[in-house]
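S.K.:
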Amino acid sequence: MFGLQKQDAKLLLIVIGLTMLAPFILNPFPESSGWAQFNAGYPDLMQRFVIFGIFAIGFNILFGLTGYLSFGHAAFLGIGSYAAMWMFKLFGMNVLPALGLSVVMSGLFAVLIGYVSLRRSGIYFSILTLAFAMMSYALAYSVLATDMDGPDKQGLLQKGLTGGETGLQLTLSDPRILGQQATDDGNLPVPSFFGLEMRSATELSVGDWVFTFSVGYYFSAVVMLIAFYLSIRIFRSPFGMMLRAIKSNQQRLNYTGLNPKPYTLAAFVISGMYAGLAGGLMASMDPLAGPERMFWTASGEVVLMTILGGAGTLIGPVLGAGAIKYMENILSKINSDILHTWFAFLPDGLEDFVVAIIYPFIGKGWHLTLGLIFMAVVIFLPGGIVEGGRRIGSMFKGRAKKTDAASGGKTVAPGQDPAE
Amino acid sequence: MGILDVKDVGKRFGGLQALGDVNLSVKENTCHAIIGPNGAGKSTLLNCLVGKLIPDTGSVMFDGQSVLGRSPHEINQMGISRVFQTPEIFGDLSVMENMMIPLFAKRDGAFRLHAIESVFNERALRAEAEEMLSEVGMLEKQDMHAASMSRGDKRRLEMAMCLVQNPKLLLLDEPTAGMARADTNNTIDLLKEIKEKRDITIAIIEHDMHVVFSLADRITVLAQGTPLVEDTPENIKGHPKVQEAYLGESV
Ligand SMILES: Nc1ncnc2c1ncn2[C@@H]1O[C@H](COP(=O)(O)OP(=O)(O)OP(=O)(O)O)[C@@H](O)[C@H]1O
Ligand SMILES: [Mg+2]
Numbered sequence: 001m002f003g004l005q006k007q008d009a010k011l012l013l014i015v016i017g018l019t020m021l022a023p024f025i026l027n028p029f030p031e032s033s034g035w036a037q038f039n040a041g042y043p044d045l046m047q048r049f050v051i052f053g054i055f056a057i058g059f060n061i062l063f064g065l066t067g068y069l070s071f072g073h074a075a076f077l078g079i080g081s082y083a084a085m086w087m088f089k090l091f092g093m094n095v096l097p098a099l100g101l102s103v104v105m106s107g108l109f110a111v112l113i114g115y116v117s118l119r120r121s122g123i124y125f126s127i128l129t130l131a132f133a134m135m136s137y138a139l140a141y142s143v144l145a146t147d148m149d150g151p152d153k154q155g156l157l158q159k160g161l162t163g164g165e166t167g168l169q170l171t172l173s174d175p176r177i178l179g180q181q182a183t184d185d186g187n188l189p190v191p192s193f194f195g196l197e198m199r200s201a202t203e204l205s206v207g208d209w210v211f212t213f214s215v216g217y218y219f220s221a222v223v224m225l226i227a228f229y230l231s232i233r234i235f236r237s238p239f240g241m242m243l244r245a246i247k248s249n250q251q252r253l254n255y256t257g258l259n260p261k262p263y264t265l266a267a268f269v270i271s272g273m274y275a276g277l278a279g280g281l282m283a284s285m286d287p288l289a290g291p292e293r294m295f296w297t298a299s300g301e302v303v304l305m306t307i308l309g310g311a312g313t314l315i316g317p318v319l320g321a322g323a324i325k326y327m328e329n330i331l332s333k334i335n336s337d338i339l340h341t342w343f344a345f346l347p348d349g350l351e352d353f354v355v356a357i358i359y360p361f362i363g364k365g366w367h368l369t370l371g372l373i374f375m376a377v378v379i380f381l382p383g384g385i386v387e388g389g390r391r392i393g394s395m396f397k398g399r400a401k402k403t404d405a406a407s408g409g410k411t412v413a414p415g416q417d418p419a420e
Numbered sequence: 421m422g423i424l425d426v427k428d429v430g431k432r433f434g435g436l437q438a439l440g441d442v443n444l445s446v447k448e449n450t451c452h453a454i455i456g457p458n459g460a461g462k463s464t465l466l467n468c469l470v471g472k473l474i475p476d477t478g479s480v481m482f483d484g485q486s487v488l489g490r491s492p493h494e495i496n497q498m499g500i501s502r503v504f505q506t507p508e509i510f511g512d513l514s515v516m517e518n519m520m521i522p523l524f525a526k527r528d529g530a531f532r533l534h535a536i537e538s539v540f541n542e543r544a545l546r547a548e549a550e551e552m553l554s555e556v557g558m559l560e561k562q563d564m565h566a567a568s569m570s571r572g573d574k575r576r577l578e579m580a581m582c583l584v585q586n587p588k589l590l591l592l593d594e595p596t597a598g599m600a601r602a603d604t605n606n607t608i609d610l611l612k613e614i615k616e617k618r619d620i621t622i623a624i625i626e627h628d629m630h631v632v633f634s635l636a637d638r639i640t641v642l643a644q645g646t647p648l649v650e651d652t653p654e655n656i657k658g659h660p661k662v663q664e665a666y667l668g669e670s671v
């Protein structure tokens, strides 16, 4: 089906099902319960799940397959965002041309950065990509943010190409070719997909549950599914096999008549384009692009996502992205008051003690939790969440075989609960 | 003139003259063995033929074209395949995938971006790979992880990967080293069969004289970077200089 082998088609169908039902799956707790704060089914976060999923899927094509660890992929995320913003400002508010330019621009930059960086491998490659990303950051932050209009004008380039620290924003005087400069009631127009506004949403109340279905999420989810499908095709193609061969033994590849360089460059460019697509989607969901999107921490984050989920696996990066974004948004919201209400049943002294122990790991301290989880995964579960799922799956399968030989389907993907 | 002509090739590593004025001509569709004590420069010579090393002096012509200055993948595309002294395979890939890579290289050249085609829909290539695998007796291992195989199997896989490209010249660097007697005999039989069935020239480096005398049409003895003698196996057997070179090594 879709030109995929049975196993991969099954995985794709599961992912389609999970992303389409995500507003339900991620909102398991009723609004009035104390657990409601663990609900992740609101559009803003769900969009982040799929957008960073795209970013990580693309990163995995480079890192997971060839083993080349880029430490500067956030540069392409930023380039994609700026490109989309300029398309919104100059052309029109439709997201398709914006995403198109994001992918093209990030691809062009990836050719340049990849061509230079891939002259080296290993740590030197990583350092080169990091240097390029920090240069891009510096360019966006200051160099390209100077007044390019002339001091006495208030034009389009008053704050340069990137808008500097405050970022690139829409204004009421953008000279848009298609569509209006401002809506009828004088507001900024909103990115849309042929009239469907990205931020519009409908809510569905069932008993004590409220489910939100937003255009932005479903649009991003469909883009993610296409990106995911393409990555499966790439993984199973001769090209994907060559990339794995590069990771395995470049020497043999050379003496087998193949030139590893163009293959690695192609992988680099493809993954850069994925990052650009993710950046363009970010700007489409929230029309604003700032330089911090290119900062090295953002590059590091996608490395963590990919390794946490399982580098070189199909679904791992998406799970890793979900897990990290969930922690970032949910764990960080818990504060000491909430902890006190949870542990109120304990005697006072003990309650304070327990809260004091847990406190460093929540709120702003969520990075600490992430760090510990990451270390545990790297040490005990090098294959990441996917390997964890596989181990649990085979444990159940082993048990099922003992009791009932007839039962037991193959667990391809572990459950998509990012809280895992 | 042979299919491979090595003229006055010299190679120096720092103060060590690893090769000095090597002249060698390998005739088409023959098996040419290169023997010599450890450190004689046999592997260095091979490295000069496949683009891994660039000789300091001399020329290397293959099929009427110079190989010097070409990169390894270009030389392979000219029709030279090489088996290494320690097996070089794609350890992270399955045996079948290991076979598919040389087939794609042969079909598509050094680079072609097949990002959407499925590997396993390539029925024709797969059939070729299966045929080759059964020839080396590894068909039932096709789904195995290549890194998890025994050393002997890795060697056989590497040989199959080279042979499936149908090279004009096959270079073998001690293909039976570390193999059990039975495996060595299998390898001899395989190479004999290959020689009969296809138009292929083989250059083989080997310490095992049983292998050399079973396969070689001509033998070159290399010692301290220079060819001592080149002759037929019968004449080499009793040659005093050869005895000397080998005795010299064991002292
Ligand atoms: N890259 C290198 N750098 C420095 N010296 C080298 C290098 N490669 C080989 N040598 C030296 O050159 C000489 C010839 O080595 P070579 O590997 O060609 O010998 P050989 O005939 O293949 O021996 P063996 O039978 O042990 O494989 C040796 O003294 C070796 O130490
Ligand atoms: Mg050697």
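Protein chains in written order, with the working numbering: chain F, 1 to 420; chain Y, 421 to 671. Ideal placement from N, C-alpha and C gives every residue a C-beta, glycine not left out. These figures come from a predicted structure and were not determined experimentally.
Which residues in chain Y have a C-beta closer than 7 Å to the C-beta of GLN251 of chain F? List them in chain order.
M.R.: Working through the first sequence from its first residue, we reach residue 251 of chain F at position 251. Residues of chain Y passing the Cβ test: GLU508.
S.K.: Is the beta carbon of ILE454 of chain Y closer than 8 Å to that of GLY567 of chain Y?
M.R.: Here residue 567 of chain Y refers to the residue found at position 147 when the second sequence is read from its first residue. Here residue 454 of chain Y refers to the residue found at position 34 when the second sequence is read from its first residue. Here residue 567 of chain Y turns out to be Ala, not Gly, going by the sequence shown. Cβ atoms of ALA567 of chain Y and ILE454 of chain Y: not closer than 8 Å.
S.K.: Assuming GLY383 of chain F and GLY310 of chain F are in contact, meaning their beta carbons sit under 8 Å apart, how far apart are those beta carbons, in whole angstroms?
M.R.: Start at 1 with the first residue of the first sequence, and residue 383 of chain F comes out as number 383. Start at 1 with the first residue of the first sequence, and residue 310 of chain F comes out as number 310. That pair is a contact at about 5 Å.
S.K.: Output the distance between the C-alpha atoms of ASP184 of chain F and THR171 of chain F, rounded to the nearest integer angstrom.
M.R.: As a first step, residue 184 of chain F is located in the first sequence; it is residue number 184 there, counting from the start. As a first step, residue 171 of chain F is located in the first sequence; it is residue number 171 there, counting from the start. Each residue's Cα considered, the two are about 15 Å apart.
S.K.: To the nearest angstrom, how far is the alpha carbon of ALA419 of chain F from that of SER554 of chain Y?
M.R.: The count along the first sequence starts at 1 and reaches residue 419 of chain F at position 419. The count along the second sequence starts at 1 and reaches residue 554 of chain Y at position 134. In this prediction, ALA419 of chain F scores a pLDDT of 32, lower than 50, which makes its location untrustworthy; the coordinate-derived value is nonetheless stated afterwards. Distance between the alpha carbons of ALA419 of chain F and SER554 of chain Y: 49 Å.
S.K.: Might you give, ordered along the chain, the residues of its own chain that have their beta carbon closer than 7 Å to the beta carbon of LEU436 of chain Y, omitting 5 neighbours on each side?
M.R.: Here residue 436 of chain Y refers to the residue found at position 16 of the second sequence. The answer is none, since no qualifying residue turns up.
S.K.: Three-state secondary structure (DSSP) at ASN655 of chain Y?
M.R.: Reading the second sequence from its first residue, position 235 is the one you call residue 655 of chain Y. Assigned with DSSP and collapsed to three states, ASN655 of chain Y falls in helix.
S.K.: According to DSSP, which residues form a beta bridge with LEU642 of chain Y?
M.R.: Translated into the one-based positions of the second sequence, residue 642 of chain Y becomes position 222. Beta-bridge pairing links LEU642 of chain Y to Y:PRO647.
S.K.: Taking 7 Å as the cut-off, is the C-beta of ALA530 of chain Y nearer than that to any heavy atom in ligand 1?
M.R.: Counting from 1 along the second sequence, the entry for residue 530 of chain Y is found at position 110. No; taking the cut-off as 7 Å, the Cβ of ALA530 of chain Y has no heavy atom of ligand 1 nearer than that.
S.K.: Output the residues surrounding ligand 2, defined as those with a CB atom closer than 7 Å to any ligand heavy atom, in chain order.
M.R.: Chain-ordered list of matching residues: Y:LYS462, Y:SER463, Y:GLN505, Y:ASP593, Y:GLU594 and Y:ILE625.
S.K.: Quick one: what does DSSP say THR621 of chain Y is sitting in, helix, strand or coil?
M.R.: Residue mapping note: residue 621 of chain Y aligns to position 201 of the second sequence, counting from 1. Of the three classes helix, strand and coil, the one that applies to THR621 of chain Y here is strand, per DSSP.
S.K.: Measure the beta-carbon distance from PHE55 of chain F to ALA278 of chain F and round it to whole angstroms, keeping in mind my assumption that it falls under 8 Å.
M.R.: Looking up residue 55 of chain F in the first sequence gives position 55. Looking up residue 278 of chain F in the first sequence gives position 278. Correct: roughly 4 Å between the Cβ atoms.
S.K.: Quick check: the segment 199-209 of chain F against the segment 467-483 of chain Y, are at least 3 beta-carbon pairs closer than 8 Å?
M.R.: no
S.K.: Considering just the uninterrupted stretch of the alpha helix (DSSP H) at TRP342 of chain F, what are its terminal residues?
M.R.: By 1-based counting over the first sequence, the position of residue 342 of chain F is 342. From DSSP, the alpha helix (DSSP H) with TRP342 of chain F extends over 336-342.
S.K.: On the DSSP letters alone, give me the boundaries of the alpha helix (DSSP H) that ALA430 of chain F sits inside.
M.R.: Residue coverage of chain F in this structure runs from 1 to 420, which leaves residue 430 of chain F outside it and unanswerable.
S.K.: Taking only three categories from DSSP, how would you classify LEU513 of chain Y?
M.R.: Working through the second sequence from its first residue, we reach residue 513 of chain Y at position 93. Of the three classes helix, strand and coil, the one that applies to LEU513 of chain Y here is coil, per DSSP.
S.K.: GLY471 of chain Y and SER445 of chain Y - do their beta-carbons sit closer together than 8 Å?
M.R.: One-based indexing of the second sequence puts residue 445 of chain Y at position 25. One-based indexing of the second sequence puts residue 471 of chain Y at position 51. No, they are not a contact pair.
S.K.: If you draw a straight line from the C-alpha of ASP44 of chain F to the C-alpha of TRP209 of chain F, how long is it?
M.R.: Numbered from 1 along the first sequence, position 44 holds the residue referred to as residue 44 of chain F. Numbered from 1 along the first sequence, position 209 holds the residue referred to as residue 209 of chain F. Computed Cα separation, rounded: 18 Å.
S.K.: Determine, using beta-carbon pairs with one atom in the segment 294-312 of chain F and one in the segment 320-331 of chain F, whether at least three such pairs fall under 8 Å.
M.R.: When Cβ pairs closer than 8 Å are counted between the two stretches, the segment 294-312 of chain F is seen to touch the segment 320-331 of chain F, the count reaching three or more.
S.K.: What three-state label does DSSP hand PHE88 of chain F in the structure shown?
M.R.: Start at 1 with the first residue of the first sequence, and residue 88 of chain F comes out as number 88. Looking at PHE88 of chain F - three-state DSSP - the assignment turns out to be helix.
S.K.: So is the beta-carbon of LEU436 of chain Y under 7 Å away from any non-hydrogen atom of ligand 1?
M.R.: Working through the second sequence from its first residue, we reach residue 436 of chain Y at position 16. Yes, ligand 1 has a heavy atom inside 7 Å of this Cβ.
S.K.: Any heavy atom of ligand 1 within a distance shorter than 7 Å of the CB on ALA453 of chain Y?
M.R.: Position 33 of the second sequence, counted from the start, is the residue given in the question as residue 453 of chain Y. False, no ligand heavy atom lies under 7 Å from that Cβ.
S.K.: For a cutoff of 8 Å on Cβ pairs, would you count GLY478 of chain Y as touching chain F?
M.R.: Position 58 of the second sequence, counted from the first residue, corresponds to residue 478 of chain Y. Not an interface residue.
S.K.: At which residue ranges does the segment 521-590 of chain Y contain complete alpha helix (DSSP H) runs of 4 or more residues, listed in the order of the chain?
M.R.: 543-555 and 571-583
S.K.: Under three-state DSSP, which class holds GLN154 of chain F?
M.R.: Position 154 of the first sequence, counted from the first residue, corresponds to residue 154 of chain F. GLN154 of chain F falls in the coil class under three-state DSSP.
S.K.: Which residues mark the beginning and the end of the alpha helix (DSSP H) in which VAL190 of chain F is found?
M.R.: Indexing the first sequence from 1 puts residue 190 of chain F at position 190. VAL190 of chain F -> no alpha helix (DSSP H), and no H or E assigned at all.
S.K.: Would you list the residues sitting across from ALA289 of chain F in a DSSP beta bridge?
M.R.: Here residue 289 of chain F refers to the residue found at position 289 of the first sequence. DSSP lists F:LEU168 as partners of ALA289 of chain F.
S.K.: Along the segment 239-271 of chain F, where does the CB come closer than 9 Å to a CB of chain C? Name the residues.
M.R.: Looking for chain C here will not work: the only protein chains present are F and Y.
S.K.: Does the distance between the C-beta of ALA673 of chain Y and the nearest non-hydrogen atom of ligand 1 fall short of 7 Å?
M.R.: Because residue 673 of chain Y is not part of the residues shown, which for chain Y are 421 to 671, the question remains open.
S.K.: DSSP three-state call for ALA453 of chain Y: helix, strand or coil?
M.R.: The sequence position of residue 453 of chain Y within the second sequence is 33, counting from 1. Reduced to three states, the DSSP call for ALA453 of chain Y is strand.
S.K.: Under 7 Å between beta-carbons, which chain Y residues line up against GLY3 of chain F? List them in chain order, please.
M.R.: As a position in the first sequence, residue 3 of chain F is number 3, starting the count at 1. Within chain Y, the residues near GLY3 of chain F are SER538.
S.K.: From PRO175 of chain F to LYS159 of chain F, what does the alpha carbon distance come to, in whole angstroms?
M.R.: For the purposes of this step, residue 175 of chain F is identified with residue 175 of the first sequence, where counting begins at 1. For the purposes of this step, residue 159 of chain F is identified with residue 159 of the first sequence, where counting begins at 1. Rounded to the nearest angstrom, the two C-alpha atoms are 16 Å apart.
S.K.: Could you tell me whether the segment 18-38 of chain F touches the segment 233-251 of chain F, using the rule of 3 or more Cβ pairs below 8 Å?
M.R.: no
S.K.: Starting from the beta carbon of GLY489 of chain Y, find every residue of chain F whose beta carbon is closer than 9 Å, and list them in chain order.
M.R.: Taking the first residue of the second sequence as 1, we reach residue 489 of chain Y at position 69. Near GLY489 of chain Y there are no residues of chain F at all, since even the closest Cβ is about 15 Å away, more than 9 Å.
S.K.: Helix, strand or coil for ASN496 of chain Y, going by three-state DSSP, please let me know.
M.R.: Numbered from its first residue, the second sequence carries residue 496 of chain Y at position 76. The answer is helix: DSSP assigns ASN496 of chain Y an H, G or I state.
S.K.: Please work out which residues of its chain come closer than 8 Å, Cβ to Cβ, to SER463 of chain Y, disregarding the five sequence neighbours upstream and downstream, and give them in chain order.
M.R.: Translated into positions along the second sequence, residue 463 of chain Y becomes position 43. Cβ within range, chain order: GLN505, ASP593 and ILE625.
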